[in-house]
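Novice: This structure is in structure tokens; I'll ask about it shortly.
Number of protein chains: 2
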Amino acid sequence: MKKLTLEEVGKLAGVSRATVSRVVNGYPHIRPEIRERVQRVIDETGYRPNLLARSLASDRSNIIGLVIPSGAQAVFTDPYFPCLTQGIARGVNTNNLTLALFMVHSEQEEERTILSILGTGLVDGLIVTSDNKGDVFIPELLKHDMPFVQIGRSLYSNQVYRVDTDNVTGSYLATKHLLSLGYQRIATIATNRNCSGDDRFTGYANAFAEYGRTIDRRLVAYGDYGLESGYHAMRQLIPQRPDAVFVTSDTMALGALRALQEAQLRVPDDIAIVGYDDLPPAVQANPQLTTIRQPIEQTGFLAVATLVKILSGEPPESHEIVLPVELVVRASCGAVRMNAVETAGQTVSYPVNP
Amino acid sequence: MKKLTLEEVGKLAGVSRATVSRVVNGYPHIRPEIRERVQRVIDETGYRPNLLARSLASDRSNIIGLVIPSGAQAVFTDPYFPCLTQGIARGVNTNNLTLALFMVHSEQEEERTILSILGTGLVDGLIVTSDNKGDVFIPELLKHDMPFVQIGRSLYSNQVYRVDTDNVTGSYLATKHLLSLGYQRIATIATNRNCSGDDRFTGYANAFAEYGRTIDRRLVAYGDYGLESGYHAMRQLIPQRPDAVFVTSDTMALGALRALQEAQLRVPDDIAIVGYDDLPPAVQANPQLTTIRQPIEQTGFLAVATLVKILSGEPPESHEIVLPVELVVRASCGAVRMNAVETAGQTVSYPVNP
DNA sequence: CTTTTATTTGAGAGCGCTCTCAATTAGAAA
DNA sequence: TTTCTAATTGAGAGCGCTCTCAAATAAAAG
Numbered sequence: 001m002k003k004l005t006l007e008e009v010g011k012l013a014g015v016s017r018a019t020v021s022r023v024v025n026g027y028p029h030i031r032p033e034i035r036e037r038v039q040r041v042i043d044e045t046g047y048r049p050n051l052l053a054r055s056l057a058s059d060r061s062n063i064i065g066l067v068i069p070s071g072a073q074a075v076f077t078d079p080y081f082p083c084l085t086q087g088i089a090r091g092v093n094t095n096n097l098t099l100a101l102f103m104v105h106s107e108q109e110e111e112r113t114i115l116s117i118l119g120t121g122l123v124d125g126l127i128v129t130s131d132n133k134g135d136v137f138i139p140e141l142l143k144h145d146m147p148f149v150q151i152g153r154s155l156y157s158n159q160v161y162r163v164d165t166d167n168v169t170g171s172y173l174a175t176k177h178l179l180s181l182g183y184q185r186i187a188t189i190a191t192n193r194n195c196s197g198d199d200r201f202t203g204y205a206n207a208f209a210e211y212g213r214t215i216d217r218r219l220v221a222y223g224d225y226g227l228e229s230g231y232h233a234m235r236q237l238i239p240q241r242p243d244a245v246f247v248t249s250d251t252m253a254l255g256a257l258r259a260l261q262e263a264q265l266r267v268p269d270d271i272a273i274v275g276y277d278d279l280p281p282a283v284q285a286n287p288q289l290t291t292i293r294q295p296i297e298q299t300g301f302l303a304v305a306t307l308v309k310i311l312s313g314e315p316p317e318s319h320e321i322v323l324p325v326e327l328v329v330r331a332s333c334g335a336v337r338m339n340a341v342e343t344a345g346q347t348v349s350y351p352v353n354p
Numbered sequence: 001m002k003k004l005t006l007e008e009v010g011k012l013a014g015v016s017r018a019t020v021s022r023v024v025n026g027y028p029h030i031r032p033e034i035r036e037r038v039q040r041v042i043d044e045t046g047y048r049p050n051l052l053a054r055s056l057a058s059d060r061s062n063i064i065g066l067v068i069p070s071g072a073q074a075v076f077t078d079p080y081f082p083c084l085t086q087g088i089a090r091g092v093n094t095n096n097l098t099l100a101l102f103m104v105h106s107e108q109e110e111e112r113t114i115l116s117i118l119g120t121g122l123v124d125g126l127i128v129t130s131d132n133k134g135d136v137f138i139p140e141l142l143k144h145d146m147p148f149v150q151i152g153r154s155l156y157s158n159q160v161y162r163v164d165t166d167n168v169t170g171s172y173l174a175t176k177h178l179l180s181l182g183y184q185r186i187a188t189i190a191t192n193r194n195c196s197g198d199d200r201f202t203g204y205a206n207a208f209a210e211y212g213r214t215i216d217r218r219l220v221a222y223g224d225y226g227l228e229s230g231y232h233a234m235r236q237l238i239p240q241r242p243d244a245v246f247v248t249s250d251t252m253a254l255g256a257l258r259a260l261q262e263a264q265l266r267v268p269d270d271i272a273i274v275g276y277d278d279l280p281p282a283v284q285a286n287p288q289l290t291t292i293r294q295p296i297e298q299t300g301f302l303a304v305a306t307l308v309k310i311l312s313g314e315p316p317e318s319h320e321i322v323l324p325v326e327l328v329v330r331a332s333c334g335a336v337r338m339n340a341v342e343t344a345g346q347t348v349s350y351p352v353n354p
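Here the protein sequences come in this chain order: V and C.
What the first sequence shows, in this note's numbering, is residues 1 to 354, in sequence order.
What the second sequence shows, in this note's numbering, is residues 1 to 354, in sequence order.
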């Protein structure tokens, strides 16, 4: 199978390179008879256009990049990124693009990656998952005006197109749920290095405000979305005797659960717990976690759609898309006083009205 | 920041395009004085070569593709792919390549993807994760002689470069461990749609053979690596009253655990269980899983290294790299009769000698 | 100082495609 | 039929880089 070019296909069909190009790209204004003849040659020879040559000539690679910065080490433990990537991949396939994956492991790799992306013409645009406050990626992209869509939120949100889930409302719902259940000492395990963490704390605070309660700072501990950090944060909270805890990620909730188990505290009898994400671990946990479900895959899909719009020159009116989330009630919050096993598969969910 | 070309940099430095190209690519035979002058211009202007143009001219894109076929739906629940991808990403970064991710969701997308990859010059080579017996990808690649490395095993293993972990030995170790612990009715939850599943069953059989035992077919159930399938397989096995079960993936083991719990069977007192993979779920489980640890990330890294060798024209002597695995003993097998909590973080492991 | 040889540079031909523009052909109008 | 317009096709100039080959320069040898 030697290399076929437009030129050769043209020769075979008795037309010029330009005409073949038109057929390949579905242009109008071609005599049906010619089009057919060319198409036949293409089918018979199995000709495929060289994407690199096409990209070079058209100044459009149809490759978009997905950047996962070094901060996101949770890539291993957390199904979040796989889910997101899945959605992005679906978007990419739908739009006939190619996805380039840039996973950065260290700060210096970060620098190298930025350079290799910017100004090399390789990607038309980017999807960036940076949720880290101290991130250098975004400003760099802005400076080189590389088209991109951010997943999550950043300090530069106003100048940026972004897709996010409604973290504030999510946490608000989770916390309100605990409040409405009558819990008195509702702790939280938050994070403070990223924007989604801030938002989730805001939701927690909002619910407290609505109930005329004030936040007891001793009932606030911090983690980094990792399992271990949830464990340690929970150990830190236990002496404060909370009767409920809102953990801002399921993975951390799993860690917290272990800490509680160690402390011989029963969930939800001694202490209720609500997570965030509704990823598989939430169901695998014992008891199953009441948690906030967010449409992660859809987030990825919409990010691609948004980027495509931007690249096509007709950027979306709004700079942000914020997707609704919902509360999924399972056993861990004590609303349903049953054995986890019995409630397996059964899920009560309160849809959100935005 | 307008577009800089070799030509312009050359003009600025008072040399020809060719000379600049030589500097950029680190060729010898350049007067140090000139090299310096050119380099200075490059630094000052921030020139970056256009990768597409380079690829077109050199017939080498330095992009390699990672193909995750539609069969691998476990992408969500299983940290396997994230881990593997991490390793591949590291390899890619190390070798100054770019990674293109092809995630296929349906059979028809599969077809489309193959076409868009083959003969378009976009990727220099591929890493394929197909472990599915009925896969069409491999033969297609072979036909178009696209360089690739397979992760896992396939029906075409002899004609293919591949990197794999030692599934046979892994299962052998797991099963032998249970046998040596004196269990009498050792069941297994296997899989039968993929090659790694076959290998794992072989290891199970090998251990039985070594102990002069024969396999009771009623103690063999099948799953598909998914959590639910483990649950159902276990339910199917329970009536056969096994006193131990070797589950060929941690994820399925989690499902099995739930089935056992439902049946009021205590682990490991009533029934011992050993998993496979040693991914985070193994530690999160209660009791923590005795399991087989395999170097997944390294698998990905080595796959890239192998592919790079192939592309450089000096293919590795051996067609396969099989990485060693090890048994990690935790609470679920009954070898360590302790509360899972007490053994948390403590891990006894028997290194494998291949 | 000339001749030979090795080093260093530049010119130029592609890589395979897109896209503009002009030429050709067909169709409509006169 | 002739004229004008619109539809259809081809020629050719790039896109920015690599790479061969020959020219130019410098160094070594005679």
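All C-beta atoms, glycine included, are put in the ideal place defined by N, C-alpha and C.
Is Arg-218(C) close to the ligand ZN? I mean its beta-carbon at under 8 Å from any heavy atom of the ligand.
Specialist: For the structure depicted, the ligand ZN is absent and the ligand set is empty, with no information on it obtainable.
Novice: Buried or exposed: which applies to Ala-190(C), given that a residue is buried once 16 or more other Cβ atoms fall within 10 Å of its Cβ?
Specialist: Looking at its Cβ environment, which holds 16 or more other Cβ atoms inside 10 Å, Ala-190(C) is buried.
Novice: Scan the segment 107-149 of chain V and note each continuous alpha helix (DSSP H) run of 4 residues or more that stays entirely inside, going in chain order.
Specialist: Qualifying alpha helix (DSSP H) stretches, in chain order: 107-117, 137-143.
Novice: Please state whether the Cβ-Cβ distance between Asp-277(V) and Gln-294(V) is less than 9 Å.
Specialist: The answer is yes: Cβ separation under 9 Å.
Novice: Give the single residue among Gly-226(V), Leu-178(V), Ile-34(V), Asp-199(V) whose Cα lies nearest to the Cα of Ala-331(V).
Specialist: Ala-331(V) has its Cα closest to that of Leu-178(V), out of Gly-226(V), Leu-178(V), Ile-34(V), Asp-199(V).
Novice: Would Ile-127(V) and Ile-63(V) be called neighbours here (beta carbons separated by less than 9 Å)?
Specialist: Contact: no.
Novice: Output the distance between the C-alpha atoms of Arg-17(V) and Ser-55(V), rounded to the nearest integer angstrom.
Specialist: So the two alpha carbons sit approximately 17 Å from each other.
Novice: Do the segment 258-272 of chain V and the segment 113-127 of chain V make contact, defined as three or more Cβ pairs closer than 8 Å?
Specialist: They do not touch, by the three-pair rule.
Novice: What first and last residue would you give for the beta strand (DSSP E) that runs through Tyr-47(V)?
Specialist: Looking at the DSSP string, Tyr-47(V) is not in any beta strand (DSSP E), and its letter there is neither H nor E.
Novice: Figure out for me which residue from Asp-250(C), Arg-37(C), Asp-243(C), Leu-122(C) has the closest Cα to the Cα of Leu-99(C).
Specialist: When each option's Cα is compared against that of Leu-99(C), the closest is Leu-122(C).
Novice: Going by other Cβ atoms of all chains shown within 10 Å of its Cβ, with 16 needed for buried, is Glu-269(C) buried or exposed?
Specialist: For the sequence presented, residue 269(C) should be read as Asp rather than Glu. Answer is exposed; the Cβ neighbour count stays below 16.
Novice: Could you name the residues that DSSP lists as bridge partners for Arg-293(C)?
Specialist: Beta-bridge pairing links Arg-293(C) to Asp-277(C), Glu-326(C).
Novice: Whole-angstrom Cβ separation of Val-304(C) and Val-160(C), contact assumed at under 8 Å?
Specialist: Not really, about 16 Å apart at Cβ, beyond 8 Å.
Novice: Between Ile-292(C) and Tyr-211(V), what straight-line distance do the alpha-carbon atoms span, to the nearest angstrom?
Specialist: Approximately 50 Å between the Cα atoms of the pair.
Novice: Less than 9 Å separating the beta-carbons of Leu-282(C) and Val-220(C)?
Specialist: As written in the sequence, residue 282(C) is Ala, which differs from the Leu given in the question. Not closer than 9 Å, so no.
Novice: Using a beta-carbon distance cut-off of less than 7 Å, what residues from the segment 89-101 of chain C approach chain V?
Specialist: Going along the segment 89-101 of chain C in chain order, one finds Ala-89, Arg-90, Asn-93, Thr-98, Leu-99, Ala-100, Leu-101 with a Cβ nearer than 7 Å to chain V.
Novice: Against Ala-53(C), what residues of chain V qualify as contacts under a CB-to-CB distance less than 7 Å, listed in chain order?
Specialist: Under the 7 Å cutoff, chain V gives Leu-56.
Novice: Restricting to Cα atoms, I'd like to know which of Gly-255(V), Gly-226(V), Arg-218(V), Gln-284(V) is closest to Gln-240(V).
Specialist: When only C-alpha atoms are compared, the closest one is Arg-218(V).
Novice: Can a CB atom of chain C be found closer than 9 Å to the CB of Phe-81(V)?
Specialist: It does; some Cβ of chain C falls within 9 Å.
Novice: Run through DSSP, which three-state label would Ala-187(C) get?
Specialist: Note: Ala-187(C) maps to strand in three-state DSSP.
Novice: Taking the DSSP output, what are the residues bridged to Asn-356(V)?
Specialist: With chain V running from 1 to 354 in the structure shown, residue 356(V) is simply not present.
Novice: Under 8 Å, with one C-beta from each stretch per pair, do the segment 32-45 of chain V and the segment 19-36 of chain C reach the 3-pair mark?
Specialist: No contact exists between the segment 32-45 of chain V and the segment 19-36 of chain C.
Novice: Check for me: the alpha helix (DSSP H) holding Arg-31(V) runs from which residue to which?
Specialist: Taken as a continuous stretch (DSSP letters only), Arg-31(V) belongs to no alpha helix (DSSP H), as it is neither H nor E.
Novice: Skipping 5 residues on each side, what residues in its chain have a beta carbon closer than 8 Å to that of Ile-88(C)?
Specialist: So the qualifying residues of the chain are Leu-66, Leu-99, Ile-127, Gly-300, Phe-301, Ala-303, Val-304.
Novice: Can you have a look at Tyr-204(C) and say buried or exposed, based on whether 16 or more other CB atoms are within 10 angstroms of its CB?
Specialist: With 16 or more Cβ atoms within 10 Å of its Cβ, Tyr-204(C) is classed as buried.
Novice: Hey, would you say Pro-69(C) sits closer than 9 Å to Glu-110(C), going by beta carbons?
Specialist: Yes. Within cutoff.
Novice: Does any CB atom of chain C fall closer than 9 Å to the CB of Asn-25(V)?
Specialist: No - not a single Cβ of chain C is within 9 Å of the one on Asn-25(V).
Novice: Is there a Cβ of chain V sitting closer than 9 Å to that of Ile-400(C), yes or no?
Specialist: No answer is possible for residue 400(C): it lies beyond the span of chain C, which begins at 1 and ends at 354.
Novice: Per DSSP, which residues does Glu-320(V) bridge with? Please list them.
Specialist: Beta-bridge pairing links Glu-320(V) to Arg-162(V).
Novice: Determine which residues share a DSSP beta bridge with Tyr-222(V) and list them.
Specialist: According to DSSP, which records beta bridges pairwise, Tyr-222(V) is partnered with Ala-190(V).
Novice: Which class does Leu-178(V) belong to by DSSP, given the choice of helix, strand or coil?
Specialist: In this structure, Leu-178(V) counts as helix in the three-state DSSP scheme.
Novice: Between Leu-155(V) and chain C, is any beta-carbon pair separated by less than 9 Å?
Specialist: No, because no Cβ of chain C sits closer than 9 Å to the Cβ of Leu-155(V).
Novice: Who are the near neighbours of Gly-275(C) in its chain, counting only those whose CB is closer than 6 Å to its CB and skipping five residues on each side?
Specialist: Around Gly-275(C): Val-247, Asp-250, Ala-253, Ala-282, Leu-289, Thr-291.
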